[in-house]
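Same order as they appear, the protein sequences are chains S and A. So the first sequence is numbered by this note's numbering: it starts at 18 and just counts up by one. So the second sequence is numbered by this note's numbering: it starts at 18 and just counts up by one. Glycine included, each C-beta is placed from N, C-alpha and C at the ideal position. To start, the structure under review is shown below, and the notes come after it.
2 protein chains.
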Amino acid sequence: MVGTTIATKLVSLGHEVVMGSRSASNDKSAAWLAGLSANADKASAGTFADAATFGELLFNCTSGGASLAALNLAGTDNIAGKILIDIANPLDFSQGMPPRLSISNDSSLGEQIQAAFPKTKVVKTLNTLSCELMVEPSKLAGAHTIFMSGDDAEAKATVERTILREAFGWADVIDLGDISTARGTEMFLPLWVRTWAALGTADFNIHVVRAK
Amino acid sequence: MVGTTIATKLVSLGHEVVMGSRSASNDKSAAWLAGLSANADKASAGTFADAATFGELLFNCTSGGASLAALNLAGTDNIAGKILIDIANPLDFSQGMPPRLSISNDSSLGEQIQAAFPKTKVVKTLNTLSCELMVEPSKLAGAHTIFMSGDDAEAKATVERTILREAFGWADVIDLGDISTARGTEMFLPLWVRTWAALGTADFNIHVVRAK
C-alpha cells in the first residue's frame, strides 16, 4: 500500500517508476498498473532486482521484518552508490495489536539496512505517518513535520529537495542527524498506533511546535 | 527540577504543596523554599512519606530508575486510594548520550508503578516535554498536545480538569487509554532527545494535527 501510493504519486508527476516485488508477474503490481489513470506509460513492474537496476532513486516500502531479505533480492551491487529512501518500520504483529517493535532502543532498522549495504546511501524518512499523508501533507489542517536521518549529507539534501519538498509538498523538514537517529522516528511508532486508536483515524501527523 | 517547577506553579496558584525527598532536611528542598516569592506559606518540605501522607494529589517527579524505590519510601499505604501523576521516564544514561530506555516495548514505567501499587490511581501524563512547558504551554507558538494514560477514568478526568486545563492551561489533551498506553509516550522520548539535539533547544512540543 505504501509502495503503490508513492509510485502513483511519482508517476502522476511524470517520473518513470518500476514497482519491484518478489516475482515479475505479481498480482498486486499488475492491479496497480491496470488502475493508473495518468501517465500509465511511465509505469512498469518487475522483480526487486529489476526495480533496483532501473531506479536512480530507490524506495524501501516493504514490511520491516522483510526489508533485509527484499534488499538482498534487489542485489547489493544493484543498489550500491544509490540513494535508498527507507520508509519501513520494524513492526512486529506476531503478539497481536498494538504491534511491538522487533528492533529498538539499541539499534534501528535504518541502521541495520545501512550496515548491511554500506555502499548504499540510506535516508530514513516518511516512516512516521500514513502513506496518504506522505504524498499529500496538505490534507491536514496546518503545518506538520517530517523527519529525516542519514549518514550522507548530500543524499539527504537531494531527498529533501526533490522528493519531500518538490514532489510531495513538505514544508517543515527536520534533519535529525546520522542514521542512528532513526531510532527516534522508529520508536515513535508505538505512540503513533495508540494515537491512531484514540482518534479513530490515521489522518493525523505531529507538528514540532517551537517557541514564540 | 521537574518537581520544583511544578511545585512552584502550584504554590503560585494558592495550592498547599509538600516537597518530598529522601531526607526531611534536603538541601534542594530548602533552596526551593527559600526562593519562593509568592504564597511561600503554602509550601513546606519533608520526606517522601510526609509528602505522600499530606497530599490529596501526588506527583512522581523522580528519575525513572529511582521511581519505584522512592514510591516505596513514600509508603504503599500512604499512597493507596490517591491519584499519582507519573511524569517520570525510564531514561538510562549509563551508556552515555543520547539515553536509551531501561524499560520499553513490552512494558513501561507507568505500568510497573501501577502494578507495584495497585490501590493507587496512576495517571501518566506530562512526560513528553520540558518541565517549563508542562506548567506554561502558552510559551509555544500555537496549539500543541499533551497525552494521558491510566486505568481509572475518574482519576484521568480529575487530572485533566484540575491540573492540565485549569492549573497549567492545556487545551489539547489526548486520552490514549489504559496505563499500557504509557509505552507510547515513554517510547517517544528517543525522538524527543534527538529533536532537542537537532533544534538546539528544549522549547518545543508536538501538536497532533488532524485533517481539515
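Cross-strand partners of residue i (DSSP beta bridge)
{"i": "Asn-222/S", "result": "Val-226/A"}
{"i": "Ile-100/A", "result": "Leu-74/A and Lys-138/A"}
{"i": "Gly-63/S", "result": "Gly-37/S"}
{"i": "Met-165/A", "result": "Thr-142/A and Asp-192/A"}
{"i": "Asp-109/A", "result": "Arg-117/A"}
{"i": "Leu-157/S", "result": "Ala-228/A"}
Separation of residue j from residue i, as counted between CA atoms
{"i": "Thr-212/S", "j": "His-224/A", "result": "12 angstroms"}
{"i": "Met-204/A", "j": "Asp-58/S", "result": "44 angstroms"}
{"i": "Trp-49/A", "j": "Ser-121/A", "result": "33 angstroms"}
{"i": "Val-176/A", "j": "Gly-194/S", "result": "37 angstroms"}
{"i": "Asp-94/A", "j": "Ala-68/A", "result": "13 angstroms"}
{"i": "Thr-218/S", "j": "Ala-219/A", "result": "29 angstroms"}
{"i": "Ala-41/A", "j": "Ala-62/A", "result": "7 angstroms"}
{"i": "Ser-80/A", "j": "Gly-20/A", "result": "10 angstroms"}
{"i": "Leu-90/A", "j": "Ser-38/A", "result": "9 angstroms"}
{"i": "Lys-45/A", "j": "Phe-65/A", "result": "14 angstroms"}
{"i": "Glu-171/A", "j": "Ile-191/S", "result": "38 angstroms"}
{"i": "Lys-229/S", "j": "Ala-160/S", "result": "15 angstroms"}
{"i": "Phe-221/A", "j": "Ala-174/A", "result": "26 angstroms"}
{"i": "Thr-179/A", "j": "Cys-148/A", "result": "18 angstroms"}
{"i": "Ala-51/A", "j": "Thr-25/A", "result": "12 angstroms"}
{"i": "Val-34/S", "j": "Thr-70/S", "result": "12 angstroms"}
{"i": "Arg-117/S", "j": "Trp-209/S", "result": "12 angstroms"}
{"i": "Leu-27/A", "j": "Ala-158/S", "result": "34 angstroms"}
{"i": "Gln-112/S", "j": "Leu-74/S", "result": "35 angstroms"}
{"i": "Thr-8/A", "j": "Thr-162/A", "result": "The structure shown has nothing for residue 8/A, since chain A only spans 18 to 229."}
{"i": "Phe-134/S", "j": "Ala-97/S", "result": "7 angstroms"}
{"i": "Val-226/A", "j": "Leu-150/A", "result": "19 angstroms"}
{"i": "Ala-87/A", "j": "Ser-119/S", "result": "32 angstroms"}
{"i": "Ser-197/A", "j": "Leu-146/A", "result": "19 angstroms"}
{"i": "Gly-127/S", "j": "Gly-92/S", "result": "17 angstroms"}
Buried or exposed (CB count within 10 angstroms, at least 16 for buried), residue i
{"i": "Met-114/S", "result": "exposed"}
{"i": "Ala-199/A", "result": "buried"}
{"i": "Asn-77/S", "result": "buried"}
{"i": "Gln-131/S", "result": "buried"}
{"i": "Ala-55/A", "result": "exposed"}
{"i": "Gln-129/S", "result": "buried"}
{"i": "Ser-125/S", "result": "buried"}
{"i": "Pro-107/A", "result": "buried"}
{"i": "Ala-60/A", "result": "buried"}
{"i": "Ser-166/A", "result": "buried"}
{"i": "Ala-83/A", "result": "exposed"}
{"i": "Ala-215/S", "result": "buried"}
{"i": "Phe-110/A", "result": "exposed"}
{"i": "Pro-207/A", "result": "buried"}
{"i": "Met-36/A", "result": "buried"}
{"i": "Gly-31/A", "result": "exposed"}
{"i": "Lys-136/A", "result": "exposed"}
Residues that residue i contacts on chain S, provided the C-beta gap is smaller than 9 angstroms
{"i": "Phe-110/A", "result": "In chain order: nothing, as chain S lies at least about 14 angstroms away."}
{"i": "Gly-127/A", "result": "In chain order: nothing, as chain S lies at least about 12 angstroms away."}
{"i": "Ser-29/A", "result": "In chain order: nothing, as chain S lies at least about 21 angstroms away."}
{"i": "Phe-221/A", "result": "Val-225, Val-226, Arg-227 and Ala-228"}
Partners in chain A for residue i, counting only beta-carbon separations shorter than 7 angstroms
{"i": "Gly-159/S", "result": "Val-226"}
{"i": "Thr-198/S", "result": "Arg-211"}
{"i": "Lys-136/S", "result": "Per Cβ cutoff of 7 angstroms: no residues; Lys-136/S is ~26 angstroms from chain A at best."}
{"i": "Gly-186/S", "result": "Ordered by position in chain A, no residue passes the 7 angstroms Cβ test against Gly-186/S, which lies about 14 angstroms from the chain."}
Proximal residues of chain A, C-beta to C-beta of residue i below 8 angstroms
{"i": "Ser-124/S", "result": "Per Cβ cutoff of 8 angstroms: no residues; Ser-124/S is ~10 angstroms from chain A at best."}
{"i": "Arg-117/S", "result": "Asn-122 and Asp-123"}
{"i": "Ile-191/S", "result": "Thr-212, Ala-215 and Leu-216"}
{"i": "Lys-156/S", "result": "Ala-228 and Lys-229"}
{"i": "Lys-194/S", "result": "The residue asked about is misnamed: residue 194/S is Gly in this sequence, not Lys. Within 8 angstroms Cβ-Cβ: Arg-211, Ala-214 and Ala-215."}
Chain S contact residues for residue i, given Cβ-Cβ distances below 7 angstroms
{"i": "Leu-208/A", "result": "Gly-201, Thr-202, Met-204 and Phe-205"}
Interface partners of residue i on chain S, CB under 8 angstroms
{"i": "Gly-167/A", "result": "The premise fails here: Gly-167/A is roughly 13 angstroms from chain S at the closest Cβ pair, so nothing lies under 8 angstroms."}
| Counting pairs of Cβ atoms below 8 angstroms between the stretch 136 to 147 of chain S and the stretch 100 to 107 of chain S, do you hit three or more? | yes
| query | So, do the stretch 146 to 159 of chain A and the stretch 179 to 193 of chain A have three or more beta carbon pairs nearer to each other than 8 angstroms? | reply | yes
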